[in-house]
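Enquirer:
Residue numbers (this note's numbering): 7 to 497.
#1: For residue 142, which of helix, strand or coil comes out of DSSP?
#2: Could you check how far apart the C-beta atoms of residue 404 and residue 335 are, in whole angstroms? I think they sit under 8 Å.
#3: Cα separation between residue 109 and residue 103?
#4: Hey, is the region 381-392 in contact with the region 344-362, meaning 3+ C-beta pairs nearer than 8 Å?
#5: Considering only their Cβ atoms, is the gap separating residue 162 from residue 281 smaller than 9 Å?
#6: Could you please give the first and the last residue of the uninterrupted alpha helix (DSSP H) stretch that includes residue 164?
#7: Residue 69 and residue 90 - do their beta-carbons sit closer together than 9 Å?
#8: To the nearest angstrom, how far is the alpha carbon of residue 307 from that of residue 73?
#9: In whole angstroms, what separates the C-alpha of residue 182 from that of residue 274?
#10: Using a threshold of 9 Å, state whether the C-beta atoms of residue 312 and residue 434 are closer than that.
#11: Here's the rule: buried if 16 or more other CB atoms are within 10 angstroms of the residue's CB, otherwise exposed. What is residue 199?
#12: Around the Cβ of residue 157, are there at least 16 other Cβ atoms within 10 angstroms (buried) or fewer (exposed)?
#13: State the DSSP-derived secondary structure class of residue 7, mapped to helix, strand or coil.
#14: Nearest CA to the CA of residue 503: which residue from 457, 160, 284 and 424?
#15: With three or more beta-carbon pairs closer than 8 Å as the criterion, would you say the region 314-324 touches the region 429-446?
#16: If you run the structure through DSSP and keep just helix, strand and coil, what is residue 223?
#17: Just the C-alpha distance for residue 426 and residue 65, rounded to the nearest angstrom, thanks.
#18: So, does the region 37-53 touch the region 287-301, judging by three or more C-beta pairs under 8 Å?
#19: Can you round the beta-carbon distance between residue 261 and residue 42 to whole angstroms, since I take them to be within the 8 Å contact cut?
#20: Could you give the distance in angstroms between the alpha-carbon of residue 326 and the alpha-carbon of residue 468?
#21: Expressed to the nearest angstrom, what Euclidean distance is found between the alpha-carbon atoms of residue 54 and residue 461?
#22: So, is residue 226 buried or exposed, given that buried needs 16 or more other C-beta atoms within 10 angstroms?
#23: If distances are taken between C-alpha atoms only, which option among 67, 454 and 288 comes closest to residue 95?
#24: Is residue 297 helix, strand or coil by DSSP?
#25: Under 9 Å, do residue 376 and residue 384 count as touching if we go by C-beta distance?
#26: Between the C-alpha atoms of residue 452 and residue 37, what's the straight-line distance to the nearest angstrom?
#27: Skipping 5 residues on each side, what residues in its chain have a beta carbon closer than 6 Å to that of residue 127?
#28: Given residue 361, which residues of its chain have a CB within under 7 Å of its CB, disregarding the five upstream and five downstream residues?
#29: Can you give the Cα-Cα distance for residue 125 and residue 131, rounded to whole angstroms?
#30: Can you check whether the CB of residue 413 is closer than 9 Å to the CB of residue 388?
#31: Give the C-beta separation of residue 265 and residue 397 to the nearest angstrom, bearing in mind that I take them to be a contact with Cβ-Cβ under 8 Å.
#32: If you follow the alpha helix (DSSP H) that residue 274 is in, where does it begin and where does it stop?
#33: In whole angstroms, give me the CA-to-CA distance for residue 236 and residue 416.
#34: Span of the alpha helix (DSSP H) holding residue 42?
#35: Using a Cβ-Cβ cutoff of less than 8 Å, which residues in the same chain neighbour residue 411 once the five nearest sequence positions on both sides are dropped?
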């Protein structure tokens with residue numbers, strides 16, 4: 007089993023242990039013990055700190071992904087790459103703090119009526135953003151050292167466990183609302199400190215000055231160029247996935263932001279297995295481009311599309327087949343979440359089915375073309391949100407996100423087909439889509455059963471039929487290997 011498969015499986019295990027914990031918190035505790043305004047505050051703080059943190063990193067994650075291969079030398083402290091990262095952080099923090107204090111009066115003025123709770127706790131954006139900057143960079147740095155699992159453990163599992171713990175303290179009246187909100191900010195931020203200690207223990211932290219032979223003038227120009235395009239590209243992606251909550255809060259209110267945040271959580275469950283896979287795939291793709299190994303890149307592209315379509319379809323169908331049960335859990339305040347879940351899930355499913363296309367472009371010599379795609383993407387998502395939110399509310403925001411994901415991946419697909427003749431799709435993809443359509447039709451024949459039994463029957467049927475399909479149909483050797491490993495351990 008290759009490094010991608012091993013780390014994807016480990017990362018997926020942590021992700022879905024986190025999903026179980028997150029489900030308890032997000033699907034039960036938040037709707038039943040917190041107001042939609044508080045839930046909206048949590049979503050808004052995370053969105054804004056992520057957006058400002060990404061902007062303040064000045065393209066450093068992209069530089070790390072693309073350029074670290076040229077610095078890689080463990081015995082020589084990776085030729086001073088971390089010192090370069092430190093300089094980026096110093097400039098970025100100064101930039102963020104200046105922007106925060108300049109924009110603070112406007113944020114207060116535009117939120118004081120509809121979102122007073124956000125104004126009260128706006129100061130939390132400072133520590134959350136600084137922690138987000140540090141963790142984002144060190145997670146990418148750890149990934150290019152071929153460890154994509156630990157960051158997933160911190161982000162998807164430990165953070166959710168801490169949020170669950172702080173929420174339970176509030177539920178049992180051990181802490182008050184103010185302590186809950188501050189505790190939530192700490193739970194989201196503490197992973198930055200943990201990854202620092204982890205890298206120190208791994209002896210991966212070394213702030214030696216850059217090697218002048220490696221960090222020569224052409225390399226410095228290339229780093230500056232990559233940083234600029236990575237900044238715009240990373241910001242564009244962040245805008246799609248974080249700006250939605252910000253725009254909803256500005257156009258509607260914090261309560262609608264809360265409903266959308268919960269719905270977005272369920273829709274995004276579809277894409278969770280993709281994150282550990284793409285983390286380690288990105289490192290291998292970068293190394294393959296450095297060697298001009300197109301065969302390896304094409305193989306990663308094909309397998310990422312095929313395997314992610316199987317996993318994504320399984321999860322999307324599992325969520326949508328149980329949508330009525332999910333709405334029962336969420337309660338009446340979240341009745342408007344149904345079609346948000348559908349469109350967010352559908353958008354992510356298409357994103358998974360097109361695999362590692364974005365990483366292949368970003369690490370290629372045509373990485374600058376990503377700027378064109380991102381510009382189109384930003385324009386589209388902002389325009390669609392302002393067009394559709396007044397018509398359909400938070401469902402309009404979900405349609406805008408799904409549409410932007412669809413268009414962005416179509417552009418990437420066409421570009422790779424045009425420039426490199428890379429075309430990952432074949433008859434196996436039609437088999438997979440056809441199979442899940444048939445499974446959905448079968449599920450529609452099942453009458454509504456008592457709550458827990460209904461969830462068990464529908465979910466169990468989807469999993470059993472998927473395993474039978476993977477075993478009997480020759481669609482994916484990787485999926486078959488995983489099923490055989492599970493069977494072997496069970497036996």
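Note that CB positions come from ideal geometry on N, CA and C, so glycine has one too. These numbers were taken from a predicted model, which means no experiment stands behind them.
Expert: Straight from the coordinates:
#1: Counting from one through the chain shown, the residue named residue 142 turns up at place 136. DSSP places residue 142 within a helical segment (H, G or I) once states are collapsed to three.
#2: The residue labelled residue 404 in the question sits at position 398 within the chain shown. The residue labelled residue 335 in the question sits at position 329 within the chain shown. Not a contact, Cβ separation roughly 19 Å.
#3: Within the chain shown, numbered from 1, the residue matching residue 109 stands at position 103. Within the chain shown, numbered from 1, the residue matching residue 103 stands at position 97. Taking the straight line from one Cα to the other gives about 10 Å.
#4: Touching, no, given that fewer than three Cβ pairs across the two stretches are closer than 8 Å.
#5: The residue given as residue 281 occupies position 275 in the chain shown. The residue given as residue 162 occupies position 156 in the chain shown. The answer is yes: Cβ separation under 9 Å.
#6: Residue numbering aside, residue 164 sits at position 158 when the chain shown is read from its first letter. First-last for residue 164: undefined, no H or E at that position.
#7: By one-based count along the chain shown, residue 90 stands at place 84. By one-based count along the chain shown, residue 69 stands at place 63. Cβ atoms of residue 90 and residue 69: closer than 9 Å.
#8: On the chain shown, residue 307 is found 301 positions in, with the first residue counted as 1. On the chain shown, residue 73 is found 67 positions in, with the first residue counted as 1. Rounded to the nearest angstrom, the two C-alpha atoms are 21 Å apart.
#9: Locating residue 182 in the chain shown gives position 176, counting from the first residue. Locating residue 274 in the chain shown gives position 268, counting from the first residue. The alpha-carbon atoms of residue 182 and residue 274 are separated by roughly 30 Å.
#10: The count along the chain shown starts at 1 and reaches residue 312 at position 306. The count along the chain shown starts at 1 and reaches residue 434 at position 428. Yes. Within cutoff.
#11: As a working mapping, residue 199 is identified with position 193 in the chain shown. Under this definition residue 199 is an exposed residue.
#12: Position 151 of the chain shown, counting from 1, holds the residue named residue 157. Classification for residue 157: buried.
#13: Within the chain shown, numbered from 1, the residue matching residue 7 stands at position 1. Residue confidence is low: residue 7 scores 46 on pLDDT, short of 50, so the model does not pin down where it sits. Its coordinate-derived value is still stated next. Three-state result, residue 7: coil.
#14: Outside the shown range of the chain (7 to 497) lies residue 503, about which nothing can therefore be said.
#15: yes
#16: Taking the chain shown and counting its residues from 1, the one referred to as residue 223 is at position 217. Residue 223 falls in the helix class under three-state DSSP.
#17: The count along the chain shown starts at 1 and reaches residue 426 at position 420. The count along the chain shown starts at 1 and reaches residue 65 at position 59. If I take the Cα positions, the gap works out to 26 Å.
#18: The region 37-53, when compared against the region 287-301, does not touch it at the 8 Å Cβ threshold.
#19: The residue given as residue 261 occupies position 255 in the chain shown. The residue given as residue 42 occupies position 36 in the chain shown. About 4 Å separates the two Cβ atoms, so the contact holds.
#20: The count along the chain shown starts at 1 and reaches residue 326 at position 320. The count along the chain shown starts at 1 and reaches residue 468 at position 462. Taking the straight line from one Cα to the other gives about 11 Å.
#21: In the chain shown, residue 54 corresponds to position 48, counting from 1. In the chain shown, residue 461 corresponds to position 455, counting from 1. Residue 54 and residue 461: Cα-Cα distance of roughly 35 Å.
#22: Walking along the chain shown from the start, residue 226 turns up at place 220. Exposed.
#23: Counting from one through the chain shown, the residue named residue 95 turns up at place 89. If we check each option's Cα against that of residue 95, 67 comes out closest.
#24: Position 291 of the chain shown holds residue 297. DSSP places residue 297 in coil when its eight states are reduced to three.
#25: Position 370 of the chain shown, counted from the start, is the residue given in the question as residue 376. Position 378 of the chain shown, counted from the start, is the residue given in the question as residue 384. No, the pair does not count as a contact, with Cβ atoms beyond the cut-off.
#26: For this step, residue 452 is matched to residue 446 along the chain shown. For this step, residue 37 is matched to residue 31 along the chain shown. Cα to Cα, the separation comes out at about 29 Å.
#27: Mapped onto the chain shown, residue 127 falls at position 121. Result list for residue 127: 187, in chain order.
#28: If you number the chain shown from 1, residue 361 lands on position 355. Cβ within range, chain order: 307, 310, 311, 314 and 430.
#29: Position 119 of the chain shown, counting from 1, holds the residue named residue 125. Position 125 of the chain shown, counting from 1, holds the residue named residue 131. Rounded to the nearest whole angstrom, the C-alpha separation of residue 125 and residue 131 is 11 Å.
#30: Numbered from its first residue, the chain shown carries residue 388 at position 382. Numbered from its first residue, the chain shown carries residue 413 at position 407. Cβ atoms of residue 388 and residue 413: not closer than 9 Å.
#31: On the chain shown, position 259 is the one that residue 265 refers to. On the chain shown, position 391 is the one that residue 397 refers to. Their Cβ separation, rounded to whole angstroms, is 17 Å, which puts residue 265 and residue 397 out of contact at 8 Å.
#32: Indexing the chain shown from 1 puts residue 274 at position 268. Residue 274 -> alpha helix (DSSP H) spans 260-274.
#33: By one-based count along the chain shown, residue 236 stands at place 230. By one-based count along the chain shown, residue 416 stands at place 410. Each residue's alpha carbon lies about 20 Å from the other.
#34: Against the chain shown, residue 42 aligns to sequence position 36. Residue 42 -> alpha helix (DSSP H) spans 42-62.
#35: As a working mapping, residue 411 is identified with position 405 in the chain shown. Once the five neighbours on either side are set aside, the close Cβ partners of residue 411 are 246, 353, 354, 356 and 357.
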